[in-house]
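A.B. asks: Have a look at the structure that comes next, please.
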Amino acid sequence: MKQETLLATNNWWVLVAIGIFAFMSNLDASIVNIAMPIMSHQMNIPLSQMEWVVSLYLIFMCALLLFFGRLGDMYGKVRIFRIGTIIFIVGSILSALGFNFWFLLGARVVQAFGGALTLSNTYGIVTGTFDIKHRGRAMGFVGTFVALGSVAGPALGGLILANGAWNNIFWINVPIGLFAIIVGALVLPKQEPRPGGKIDWWGLTSWATFIIGLFGAIFIGQQTGFTAILPLTGFILAIISLSLFGYQEYHTSTPMMSLTIFRNRPFSLGVSAAILIFLSNFFSVVLMPFYLEDARGFGPGMAGLLLMIFPIVLVIVGPLGGWLADRLPPANVASSGLALIAVSQLGFVLTLTTTTPIWLYVLITALMAIGTGLFQSPNGDIVMSVVDRSELGIAGSINSLARNLGMVAGTAAATTTLFTTMSHVVGHRVTTYLPHQPEVFMTGLRVAFMVSFVLIIAALFTSLRLGNLLKHQTLH
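Residue numbers in the sequence shown follow UniProt numbering, run continuously in steps of one, and reach 476 at the last position.
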């Protein structure tokens, strides 16, 4: 009863503590993108190699989210979340120190550990704190911070770089994170761990090997060609590891991820839609800094201001998505958002040139942000409301995993589509922007956004199917 009273009194402050770390954990997946040219020059590291500062963070997040969600079920979601906040701050400090390239890579792995510990338990804590009447708004709050962190990186990074050194993109995490830790210490409830259970080490090993093998092969293959021995080895290792993971999870009594949860069709459809939208969104996150800085010639400060359009609109619209989800069928709200995103992607395909009026870029970007805000919290609410309370931990970690898989896959798909198209146009392998041939980049950019449009259409059909299923099911 004491714990219930504590939750009733402080649950909105719980959202503040959780929302800050949800924002920062996702922000650090993309904020380095706009700083890479400067970091590459100062560290004397090729830009293609510097991309691992971003990729390694995302890869380790994806590799660890399921495992840490399972730990949250076993030892308490709040306890695991708290440990993650401390590790994330330590990783941020180490990243800011950045003595050299290899030290920075190690620091980013530490950051990824902390981020995975927090994100894997975020939705489980929120769902366990709020009843169905208020859960839509709560999910809207957290979902806004999650989506905001995912797309605000280049914008915020550009503004920071315009006024200071690249290290500041990591130092900024420290005071904000310490504030969230203090708030969390005051308001997060104590949770008793569930008795029994053991760690699925074979599941962890096979899943992590699959993620590292797959995305390592993709990113290395962009530089060497996908028929080179290293990418081929990575793909083969990924296939074998995924097969072993499936076998292990079906036959162990304490799986890291109970695959039976995917028999829940509304859950599976909601997760699929989440993967597709984050995959699509990261086309814009990854490619727009190149468009604004290279193709248009804007400096980091101006590019950062233009990139801020998306997160600013998202902050305004995100809570509205949660408010609407409390009053209307959430799948309908989510589908409406996806339709708006589809229009925006088609708008980029048809209108982006090196002379596109800024007002038109702002209008299309704002439309994409409105659609994202209407989709995120209703879909997250559905995913967490169609599972039993005993599955909240693993459902939350799968939801976070879907987002991060979409982000890392979006990074890989966007750059692969862009550079493959550019290579086809010029007749030889291209792995960077060609300064004297902007039209080659613009061709690749339009093809990339056409792929993004197709992904959003697939997400829209998935969400519409989800809405039909939920007509005959009650959320809880």
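Idealized CB from N, CA, C, for every residue including glycine.
1) Does the Cβ-Cβ distance between residue 488 and ILE316 come in under 7 Å?
2) Tell me whether the beta-carbon of MET384 lies closer than 7 Å to the beta-carbon of TYR123.
3) Thinking C-beta only, is ILE211 closer than 7 Å to ALA112?
4) Check whether the segment 459 to 466 touches the segment 270 to 284, counting contact only when three or more Cβ pairs, one atom from each stretch, lie closer than 8 Å.
5) Roughly how many whole angstroms lie between the Cα atoms of LEU306 and PRO330?
6) Would you give the residue range spanned by the alpha helix (DSSP H) that ASP381 belongs to?
7) Got a sec? Which residues, its chain only, sit under 7 Å from SER344 by beta carbon, not counting five neighbours each side?
8) How do the segment 50 to 65 and the segment 407 to 422 stand: do at least 3 beta-carbon pairs fall below 8 Å, yes or no?
9) Between ALA295 and LEU352, what straight-line distance do the alpha-carbon atoms span, to the nearest angstrom?
10) State the DSSP-derived secondary structure class of THR233, mapped to helix, strand or coil.
11) Helix or strand or just coil, what does DSSP make of TRP166?
12) Quick one, which of LEU470, ALA412, PHE298 has its alpha-carbon nearest ALA162's?
13) Suppose the cutoff is 8 Å on Cβ atoms and the five residues either side in sequence are ignored; what does the same chain contact list for THR443 look like?
14) Less than 7 Å between the beta carbons of LEU119 and ILE80, yes or no?
15) Please name the residue, chosen from LEU360, LEU350, GLY373, THR355, that lies closest to LEU338 on a Cα-to-Cα basis.
16) Would you say GLY128 faces chain B, with C-beta separation under 7 Å as the test?
17) Buried or exposed: which applies to GLN3, given that a residue is buried once 16 or more other Cβ atoms fall within 10 Å of its Cβ?
18) Mind reading off the beta-carbon distance from LEU259 to TYR250? Whole number of angstroms is fine, and I expect it under 8 Å.
19) Kindly provide the ranges of any alpha helix (DSSP H) runs that are 4 or more residues long and lie completely inside the segment 55 to 88, ordered along the chain.
20) Determine the extent of the alpha helix (DSSP H) in which MET302 is found, giving its start and end residues.
21) Anyone know if the C-beta pair for residue 477 and PHE278 falls short of 7 Å?
22) Which residues in the same chain have their Cβ closer than 7 Å to the Cβ of ILE38, if we skip the five residues on either side of it in sequence?
23) Can the beta-carbon of ALA107 be found less than 7 Å from the beta-carbon of GLY84?
24) Looking only at its chain, what residues have a beta carbon closer than 7 Å to the beta carbon of LEU287, apart from the 5 residues adjacent to it on each side?
25) In the DSSP assignment, find the unbroken alpha helix (DSSP H) run with LEU42 in it and report its ends.
26) Taking the C-alpha atoms as reference points, what is the distance between LEU71 and ASN11?
27) SER253: buried (16+ other C-beta within 10 angstroms of its C-beta) or exposed?
28) Pick helix, strand or coil for SER30, following the three-state DSSP scheme.
29) Compare the beta carbon distance of ASN379 and ALA334 with 7 Å and say whether it is the shorter of the two.
30) With 16 other CB atoms within 10 Å as the buried threshold, where does THR9 fall?
31) Using only CA atoms, which one of PHE101, PRO189, PHE67, THR129 lies nearest to MET50?
32) Are the CB atoms of PHE67 and LEU204 nearer to each other than 7 Å?
33) Determine, using beta carbons only, whether ILE125 and LYS198 come nearer to each other than 7 Å.
C.D. replies: For this structure:
1) As shown, the chain starts at 1 and ends at 476. That puts residue 488 outside it, with no answer to give.
2) Judged by their CB atoms, MET384 and TYR123 are nearer to each other than the 7 Å cut-off.
3) The answer is no: Cβ separation not under 7 Å.
4) Yes: at least three Cβ pairs fall under 8 Å.
5) When rounded, the distance between both Cα atoms is 31 Å.
6) Note, ASP381: alpha helix (DSSP H), 358 to 385.
7) Closer than 7 Å at the Cβ level, and outside the excluded window around SER344, lie ILE364, LEU367, MET368, GLY371.
8) Contact holds: three or more Cβ-Cβ distances are below 8 Å.
9) ALA295 and LEU352: Cα-Cα distance of roughly 11 Å.
10) In the three-state reduction of the DSSP assignment, THR233 falls in the helix class.
11) Of the three classes helix, strand and coil, the one that applies to TRP166 here is coil, per DSSP.
12) Minimum Cα distance to ALA162 is reached at PHE298.
13) Here the set comprises THR421, MET422, VAL425.
14) For the 7 Å CB-CB criterion, LEU119 and ILE80 do not form a contact.
15) Taking only the C-alpha atoms, the option nearest LEU338 is GLY373.
16) Chain labels in this structure do not include chain B; a single protein chain is all it has.
17) With a pLDDT of only 43 at GLN3, under 50, the local geometry of the prediction cannot be trusted, and no value is derived from it.
18) About 6 Å; that satisfies the 8 Å criterion.
19) Scanning the segment 55 to 88 for uninterrupted alpha helix (DSSP H) segments of 4 residues or longer gives nothing; none is fully contained.
20) Counting along the chain, the alpha helix (DSSP H) containing MET302 begins and ends at 300 to 307.
21) It is not possible to answer for residue 477, since the shown part of the chain is limited to 1 through 476.
22) The residues are LEU161, TRP166.
23) It is not a contact, given that the beta carbons lie outside the stated cut-off.
24) The answer, listed in chain order, is ALA414, LEU418, LEU445, ALA448.
25) First, the amino acid is wrong: residue 42 is Gln here, not Leu. First-last of the alpha helix (DSSP H) with GLN42: 36 to 43.
26) Going from the Cα of LEU71 to the Cα of ASN11 covers about 23 Å.
27) By the 10 Å Cβ count, SER253 comes out exposed.
28) SER30 falls in the coil class under three-state DSSP.
29) With respect to ALA334, ASN379 sits close: the two C-beta atoms are nearer than 7 Å.
30) Confidence at THR9 is low in this model, with a pLDDT of 49, below 50, so the placement of that residue should be treated as unreliable; the coordinate-derived value is given next. With fewer than 16 neighbouring CB atoms inside 10 Å of its own CB, THR9 falls in the exposed class.
31) Nearest of PHE101, PRO189, PHE67, THR129 to MET50, Cα basis: PHE101.
32) The answer is yes: Cβ separation under 7 Å.
33) No; because the gap between Cβ atoms is not below 7 Å, this pair is not in contact.
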